[in-house]
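Visitor:
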Amino acid sequence: MLWQVGPLKSFSGPWASWARWSTWIASVGCRRRWRQSGVTTERRGHGPWHAEGGQPDLELRPRRQDWSTKGPARGPLQRRLMSQQIPVDPDARADGPLGSDGTHEVGGDLAYQRHAIVNVIYYGRPGAGDRGWVLIDAGVMGSKAAIIKAAEKRFGTGARPSAIVLTHGHFDHVGVVEDLAREWQVPVWAHPLEHPYLNGSAAYPPPDPTVGGGLVARLSPLFPRAPVDVSDHLKSLPEDGSVPPMPGWRWIHTPGHSVGQVALWREADRTLIAADAFVTTAQESAYAVAVQEPELHGPPMYFTVDWDAARRSVQALAGLEPELAITGHGRPLHGSALRKALHTLARDFDIVAVPKQGHYVEEPAKAEDGSAYRRS
Ligand SMILES: [Zn+2]
Ligand SMILES: [Zn+2]
29 MLWQVGPLKS
39 FSGPWASWAR
49 WSTWIASVGC
59 RRRWRQSGVT
69 TERRGHGPWH
79 AEGGQPDLEL
89 RPRRQDWSTK
99 GPARGPLQRR
109 LMSQQIPVDP
119 DARADGPLGS
129 DGTHEVGGDL
139 AYQRHAIVNV
149 IYYGRPGAGD
159 RGWVLIDAGV
169 MGSKAAIIKA
179 AEKRFGTGAR
189 PSAIVLTHGH
199 FDHVGVVEDL
209 AREWQVPVWA
219 HPLEHPYLNG
229 SAAYPPPDPT
239 VGGGLVARLS
249 PLFPRAPVDV
259 SDHLKSLPED
269 GSVPPMPGWR
279 WIHTPGHSVG
289 QVALWREADR
299 TLIAADAFVT
309 TAQESAYAVA
319 VQEPELHGPP
329 MYFTVDWDAA
339 RRSVQALAGL
349 EPELAITGHG
359 RPLHGSALRK
369 ALHTLARDFD
379 IVAVPKQGHY
389 VEEPAKAEDG
399 SAYRRS
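Under the working numbering, the sequence shown has 101 at position 73, and the numbering climbs by one with no breaks.
1. Does any CB atom of chain D fall closer than 8 Å to the CB of E206?
2. According to the Cβ coordinates, are I149 and I301 closer than 8 Å?
3. For S341, count neighbouring Cβ atoms within 10 angstroms of its own Cβ and tell me buried if that reaches 16, exposed if not.
4. To test your reading of the DSSP string, which unbroken beta strand (DSSP E) runs of 3 or more residues are found completely within the segment 193-246?
5. Between which residues of its own chain and P125 is the CB-CB distance below 8 Å, once the five residues before and five after are set aside?
6. Comparing the CB of V287 with every heavy atom of ligand 2, is any distance shorter than 7 Å?
7. Is the separation between the beta-carbon of P273 and that of V168 shorter than 8 Å?
8. My understanding is that G152 touches G184, with C-beta atoms under 8 Å, so please give their C-beta distance in whole angstroms.
9. Inspect the CB distances between the segment 325-341 and the segment 384-397 and report whether three or more fall short of 8 Å.
10. Does Q113 pass the burial test, meaning 16 or more other C-beta atoms within 10 Å, or should it be called exposed?
11. State the DSSP-derived secondary structure class of T308, mapped to helix, strand or coil.
12. Would you mind working out which of D165, E267 and P266 sits nearest E203, comparing C-alpha positions?
13. Going by DSSP in three states, D343 sits in which element: helix, strand or coil?
14. Have a look at P275, K177, P360 and L208 and flag the residue whose alpha-carbon is nearest the alpha-carbon of D119.
15. Check whether the Cβ atoms of A353 and V116 lie closer than 8 Å to each other.
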């Protein structure tokens, strides 16, 4: 792994994880600034919600105490929700220990691997062989070697996937998709509304660091948002809801976090790949991202551009009554504790998920009027 070098290797536990993560996020910022120095410009003009100058402070827990003006009640339950989002019984964790292939097994044909701040998912039976499996999302910059290594250990030497399915095109889900699509010569499936971010034609709207929640949100203006270009490989998920490389699955449009985000759903065992429609860690907080305590949260706030749509997406996913959910960030959860927390999130979404303030709370970015696509 990119960050498993040098003296940090001898540390373990959440603080070492946080340190490795911080090193990575700093490198993202540095690389972005280097690119802006002359090669390309990943961010264009930003609004008055741009991060304030100076050093961001490091929080120990997500800070939500100042959200008390939102929502009707202000009792102990609401304060608990605001400070921790939706707590989930640790027994709801659905992932196994880290395996020899570098992934966490989540049932017979699903495994996930955490790359710095985000998960990639491997779908297919171990030993499935060349073209016998599917990669879901494509990690962050620098993930390529680790993804290929894990895939070869899990599915067989030289085993390429039959396809890459992207839940959406944020930088932490498409970090190495260009390299992998070229090397593996595979189709890349995504929702048509996400295609402008994947064929080089439009950037995402700027992240909103004023939503609060922690260090990651404050640093979000450093995150790349320019499109990748996999147009030679790009395919549209079909209107009938099927996922061609994954028989038995269907895709569910879950806009809000991004306009073309999809979740993947297998009815037979009620397995949900939820993308970032909801997540199981406070993605805005560096500490929570490192510790990964099981909690249920709305979508990462700094990237979410339409909160009404995001609410409807969570309500739709809660209505599926999933038995297992693998999210883009945080650990997979399962069972009745997952369903209970998900229904609570759907019911209290405006209190626990929607930030008190934020550019897109007031002015959502949408596909219909083009405001979700920033073209040069
Ligand atoms: Zn995202
Ligand atoms: Zn994400």
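Ideal placement from N, C-alpha and C gives every residue a C-beta, glycine not left out.
This structure is a prediction, so every number in the text was calculated from the model and none was measured.
Guide: If we stick to the structure as given:
1. Of the chains in the structure shown, none is chain D; there is only one protein chain.
2. In terms of Cβ geometry, I149 and I301 form a close pair [threshold 8 Å].
3. S341 should be labelled buried.
4. If we require 3 residues or more, the beta strand (DSSP E) runs fully inside the segment 193-246 come out as 216-218.
5. A distance below 8 Å between beta-carbons, with the five flanking residues on each side excluded, links P125 to the following residues of its chain, in chain order: H132.
6. No, the Cβ of V287 stays beyond 7 Å of every heavy atom of ligand 2.
7. Cβ atoms of P273 and V168: not closer than 8 Å.
8. Wrong, their Cβ atoms sit about 10 Å apart, outside the cutoff.
9. Contact holds between the segment 325-341 and the segment 384-397, because three or more Cβ pairs, one in each stretch, are under 8 Å apart.
10. Counting Cβ neighbours within 10 Å, Q113 comes out buried, since at least 16 surround it.
11. Three-state DSSP puts T308 in coil, outside helix and strand.
12. Looking at the sequence provided, one finds Gly at residue 203 rather than Glu. Selected option, being the one with the closest Cα: D165.
13. Per the sequence shown, residue 343 should be read as Gln rather than Asp. Three-state result, Q343: helix.
14. The candidate whose alpha carbon is nearest that of D119 is P360.
15. Going by beta carbons, A353 and V116 fall outside the 8 Å limit.
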